[in-house]
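Single-structure report; data block below.
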Amino acid sequence: MAVGTTRAKRRLGRHVKPIVERAGLKPAEVADLVKTSKDTVNRLLSGDHLPRYPTFLAIMMVLKATDEELGEGTALWERANVDAVVVEHASALSPGYLRFRMDEGEAAQERSLDPSVIPGILQVGGYAEELGRCAPALTAGKGWTAQAAAERRDRQGLLSRPVNPLHLHALIDEAALHRVVGSRELMVEQLTHLLAVAEHDHVTLQVIPFETGAYGPQFGALTLLDYPEPEEPLSVFVEGHSGIKVVENERVVSKLAAAWDDVARRALDPRQSAKRIREVRGTRYA
260 MAVGTTRAKR RLGRHVKPIV ERAGLKPAEV ADLVKTSKDT VNRLLSGDHL
310 PRYPTFLAIM MVLKATDEEL GEGTALWERA NVDAVVVEHA SALSPGYLRF
360 RMDEGEAAQE RSLDPSVIPG ILQVGGYAEE LGRCAPALTA GKGWTAQAAA
410 ERRDRQGLLS RPVNPLHLHA LIDEAALHRV VGSRELMVEQ LTHLLAVAEH
460 DHVTLQVIPF ETGAYGPQFG ALTLLDYPEP EEPLSVFVEG HSGIKVVENE
510 RVVSKLAAAW DDVARRALDP RQSAKRIREV RGTRYA
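Residue numbers in the sequence shown follow the working numbering, run continuously in steps of one, and reach 545 at the last position.
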């Protein structure tokens, strides 16, 4: 069973929460009736923990869930009880980044905006290793630099998986093309990789040119994940000095999604973006 929150656990929590509200019981009262801890109930509702099935069943019985609600809840519990996504090097990742990686593995589409570096899912190994030396907030332990390249390759496998490859739409600030990470030779390799990946039908790359001027949001990387199920809410992650965090507030999620759309409209189109990448590669790193 996956450690920590997963999308399946959160779906189960969203299923049970209105049943608790309808019953008019507080989590502590449900816990007393079931003879379990208040934390167990709270973490079920938040999607942070999956209780054993007998405990889950007892909770649903106490709440007087209908047969339909119990059947759907059981199906969701079984889905949450299976590790749907295996994340390599999980022990070296911070909790926030691990949650992002697990959600990314189940996403159908990823939209990203990075104002300073090449997005992680598009980084070549040497580029990732170099960044790993100065970005310890992403990791939970030592030795990350040696694992960074492999972790990036694992992520890039989402773009080439044989069934339902991840659709990627990345907005990259032109500054990231000019910022030398590692060496000029490494940057040539990195920009060449971008051009190759952009050839795939399910990958769209847009460069935000210098002439765009100021744009929002002005913080670290922004990533939006859409899922195959139409009823599944958008996941939004922002990255700053303290690492990557999920945005839970629906109003803020809507604003960030609208901001991403605005920047995409102002960025160069894919053909112009490829031309700009080739120009930078041929002049800046010649």
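Every residue, glycine too, gets a C-beta built ideally from N, C-alpha and C.
Inter-residue spacing [alpha-carbon to alpha-carbon] between residue i and residue j
i: A429; j: L483; result: 10 Å
i: K285; j: V279; result: 7 Å
i: Q531; j: L309; result: 48 Å
i: Y544; j: E444; result: 8 Å
i: M361; j: P354; result: 11 Å
i: L417; j: K294; result: 43 Å
i: E458; j: G272; result: 40 Å
i: R537; j: A518; result: 27 Å
i: A275; j: D291; result: Residue 275 is actually Val in this sequence, not Ala. Cα to Cα, V275 sits roughly 17 Å from D291.
i: H500; j: I467; result: 22 Å
i: L322; j: E509; result: 27 Å
i: R266; j: T542; result: 45 Å
i: P487; j: H461; result: 15 Å
i: Q465; j: P492; result: 25 Å
i: H452; j: N340; result: 38 Å
i: Y259; j: G332; result: Not covered by the structure: residue 259. The range shown for the chain is 260 to 545.
i: V383; j: I431; result: 15 Å
i: C393; j: S375; result: 13 Å
i: G283; j: S513; result: 31 Å
i: A366; j: R412; result: 17 Å
i: V456; j: E470; result: 25 Å
i: R338; j: G441; result: 43 Å
i: R302; j: G385; result: 40 Å
i: G472; j: G330; result: 54 Å
i: E533; j: R420; result: Looking at the sequence itself, residue 533 is Ala, so the reference to Glu does not match. Cα to Cα, A533 sits roughly 24 Å from R420.
i: E490; j: D298; result: 28 Å
i: A399; j: L316; result: With a pLDDT of 49 at A399, under the threshold of 50, the predicted position of this residue should be treated as unreliable, and no value is reported.
N-terminal and C-terminal residue of the beta strand (DSSP E) that residue i is part of
i: V462; result: V462 to I467
i: S494; result: S494 to G499
i: R370; result: Q368 to D373
i: V505; result: G502 to V506
i: H426; result: H426 to D432
i: Y485; result: In the sequence under discussion, the amino acid at residue 485 is Asp, which differs from the Tyr named in the question. First-last of the beta strand (DSSP E) with D485: L481 to D485.
Reference residue i; option with closest CA among the options
i: Y312; options: L335, N301 and G391; result: L335
i: F359; options: G502, R438, R510 and R525; result: G502
i: D521; options: S375, V456, V321 and R370; result: R370
i: Y474; options: A282, R270 and R524; result: R524
i: V300; options: K268, E490 and E331; result: K268
i: I380; options: A367, G472, R414 and A282; result: R414
i: P378; options: P489, S513, E328 and T463; result: T463
i: H426; options: M446, G384 and Q368; result: Q368
i: P529; options: K504, T471 and L454; result: L454
i: R281; options: P489, V511, E328 and E490; result: E328
6 Å Cβ shell around residue i - same chain, five flanking residues per side excluded
i: A409; result: none
i: T314; result: T295
i: A407; result: A387, E388 and G391
i: P424; result: L418 and H461
Residue i, buried or exposed, once every other Cβ within 10 Å from all chains shown has been counted against 16
i: V289; result: buried
i: T325; result: exposed
i: M319; result: buried
i: D373; result: buried
i: G364; result: buried
i: V422; result: exposed
i: V439; result: exposed
8 Å CB neighbourhood of residue i in its chain, flanking five on each side removed
i: L551; result: Since the first residue shown for the chain is 260 and the last is 545, residue 551 is missing from the structure and cannot be characterised.
i: V539; result: E433, L436, H437 and L450
i: L304; result: G272, V275, K276, V279 and P286
i: K504; result: G355, F496, V497 and E498
i: V447; result: R540 and Y544
i: R270; result: G306, L335, R338, A339 and E491
Residue i, enclosing alpha helix (DSSP H) - first and last residue
i: D307; result: Counting along the chain, D307 falls outside any alpha helix (DSSP H), and DSSP gives it neither H nor E.
i: H452; result: R443 to V456
i: L335; result: D326 to A339
i: L515; result: E509 to R525
i: Q382; result: Careful: Q382 lies outside any alpha helix (DSSP H) and carries neither H nor E.
i: H274; result: R266 to A282
Close Cβ partners of residue i (< 7 Å) along its chain, the five nearest in sequence each way excluded
i: T264; result: G306, D307 and R358
i: L527; result: Q465, V466, P468 and R535
i: G479; result: V497, E498 and G499
i: D485; result: A366, A367, Q368 and L493
Residue i: CB within 7 Å of a non-hydrogen atom of the ligand ZN
i: R540; result: The model depicted lacks the ligand ZN and carries no ligand whatsoever.
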